[in-house]
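Report on one structure; see the data block that follows.
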Ligand code: ATP
Ligand code: MG
Ligand code: MG
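In full-length UniProt numbering, the protein residues as written are 9 to 358.
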């Protein structure tokens, strides 16, 4: 059997490890932080820094393929690993997804719409960009933001100085605010043979910048859902990608606008474990291990809700739903502790 190496030991790594185990594989996790959630279900954990070349080389020697569960993996670590072992998805996907400017440049270059945007490196560039893009708009750090962190909204009369301070004077992007009808995402996969498969688009509701709920099917016309799937396929092919990707989209009156891409399994795809024969985790493992992609057809309608902080205390009583907890000891407010998915027969409405 083969051994899968996972960079990062969070809940996504844990769910990938569970899927790999079910396919008879071994899992080796690389994570600098102590007691990672994925470590509880992995065969082996290496606790070492991202710049520890010896630890990375040892890790590479013990696995057949390397993947990652978060997009902020140090590219220097990838450069140590890639000559030693296949890394899937590859470096290019990380480069593009780590930097919001590189991401939008890439998306526009392949003909996909994004919010209007400008690179910001100080209050001067911010003031100039505000004149071009206008308000409302959002200033986001180029790198390392997640769950809406490192973002500030600008309205008419907002101070550029204050906004620049509130992103910590970090290199940023100013994005025009997209007047969307709803947010959807596509979880799609590309196999080693170049074949592409997508799960049905889900509709996402955020609270305080954090995903709260994903509902499938998304309330969009069939043509729009198909546009979303085709667009995800184009991204996968252009990146020569192998594995599962999450593509976050705004649905607007004039069409689909790409918010961002996540080069990994995605929180808005967790419903697939309850409503599809093959879920996003298994699909990712199949792809990176060179197996044919599985059948991700949806047999049920579904609603996935994240359990944040103390929400997870209610989990034992949720007897009519599929509960998934991540084994995290500390239930800090806003921390993703688990999720719960309810299904009903396809098309039953409600
Ligand atoms: P994630 O945890 O998904 O990686 P993130 O920190 O990268 O989140 P974004 O996805 O950029 O953040 O933004 C979070 C949410 O804020 C979006 O899902 C959307 O609801 C809103 N948002 C972000 N950018 C825009 C925009 N340009 N126009 C309108 N709404 C936006
Ligand atoms: Mg993001
Ligand atoms: Mg997002």
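From the three backbone atoms N, C-alpha and C, an ideal C-beta is built for every residue, glycine too.
| Item | Value |
| --- | --- |
| Beta-carbon proximity list for residue 124, same chain, < 6 Å, skipping 5 on both sides | 141 and 184 |
| C-alpha gap between residue 255 and residue 212, whole angstroms | 12 Å |
| Coil, strand or helix - residue 258 by DSSP | strand |
| Range of the contiguous alpha helix (DSSP H) that encloses residue 23 | 19-30 |
| Residue list, Cβ distance to ligand 3 heavy atoms smaller than 7 Å | 256, 267 and 268 |
| Residue 153: CB within 7 Å of a non-hydrogen atom of ligand 2 | yes |
| Residue interval of the alpha helix (DSSP H) (run including residue 106) | 99-106 |
| Per-residue burial, residue 177 [other beta carbons within 10 Å of its own, 16 or more giving buried] | exposed |
| Option nearest residue 334 by Cα separation, candidates 172, 327 and 321 | 321 |
| Among 52, 155, 64 and 77, nearest to residue 342 - alpha-carbon criterion | 155 |
| Residue-chain proximity (residue 348, chain C), Cβ-Cβ < 8 Å | Looking for chain C here will not work: only one protein chain is present. |
| C-alpha distance - residue 216 paired with residue 157, whole-angstrom precision | 10 Å |
| Outcome for residue 8 when other beta-carbon atoms lying within 10 angstroms are tallied against a minimum of 16 | Look at the range of the chain in this structure, 9 to 358, and you will see that residue 8 is not part of it. |
| Three or more C-beta pairs below 8 Å linking the segment 55-71 and the segment 261-268 | no |
| C-beta atoms of residue 92 and residue 68 nearer than 8 Å | yes |
| Beta-carbon contacts of residue 137 that lie in its chain and below 7 Å, excluding the five residues immediately before and after | 126, 128 and 182 |
| Distance cut-off 7 Å: residue 220 Cβ against heavy atoms of ligand 1 | no |
| Counted within 10 angstroms of its Cβ, other Cβ atoms place residue 198 as buried (16 or more) or exposed | buried |
| C-beta atoms of residue 281 and residue 349 nearer than 8 Å | yes |
| 8 Å Cβ cutoff met for residue 285 and residue 203 | no |
| Backbone CA spacing between residue 208 and residue 43 [nearest angstrom] | 34 Å |
| Residue 47: first and last residue of the uninterrupted alpha helix (DSSP H) it sits in | Run containing residue 47: none; DSSP gives neither H nor E here. |
| Status (buried if at least 16 other CB within 10 Å, exposed otherwise) for residue 167 | exposed |
| Under the three-state DSSP convention, the category residue 268 falls into | strand |
| According to DSSP, residues forming a beta bridge with residue 80 | DSSP, once it has assigned bridges, lists no residue as partnering residue 80. |
| Selected residue, minimal CA-CA separation from residue 99, among 292, 311, 248 and 50 | 248 |
| Selected residue, minimal CA-CA separation from residue 328, among 84, 312 and 317 | 312 |
| Residue 29 beta carbon less than 8 Å from that of residue 290 | no |
| Closer than 7 Å: residue 278 CB and nearest ligand 1 heavy atom | no |
| Element boundaries [beta strand (DSSP E), containing residue 190] | 190-198 |
| Anticipated Cβ contact below 8 Å, residue 271 with residue 111, distance rounded | At roughly 10 Å, the Cβ-Cβ gap does not stay under 8 Å, so residue 271 and residue 111 are not in contact. |
| Where the beta strand (DSSP E) containing residue 315 begins and where it ends | 308-316 |
| Run of the alpha helix (DSSP H) containing residue 292, from where it starts to where it stops | 288-296 |
| Boundaries of the beta strand (DSSP E) in which residue 182 is found, first to last residue | 180-184 |
| Residue 331 in three-state terms, based on DSSP | strand |
| Same chain only: Cβ atoms within 6 Å of residue 318, ignoring 5 sequence neighbours per side | 339 |
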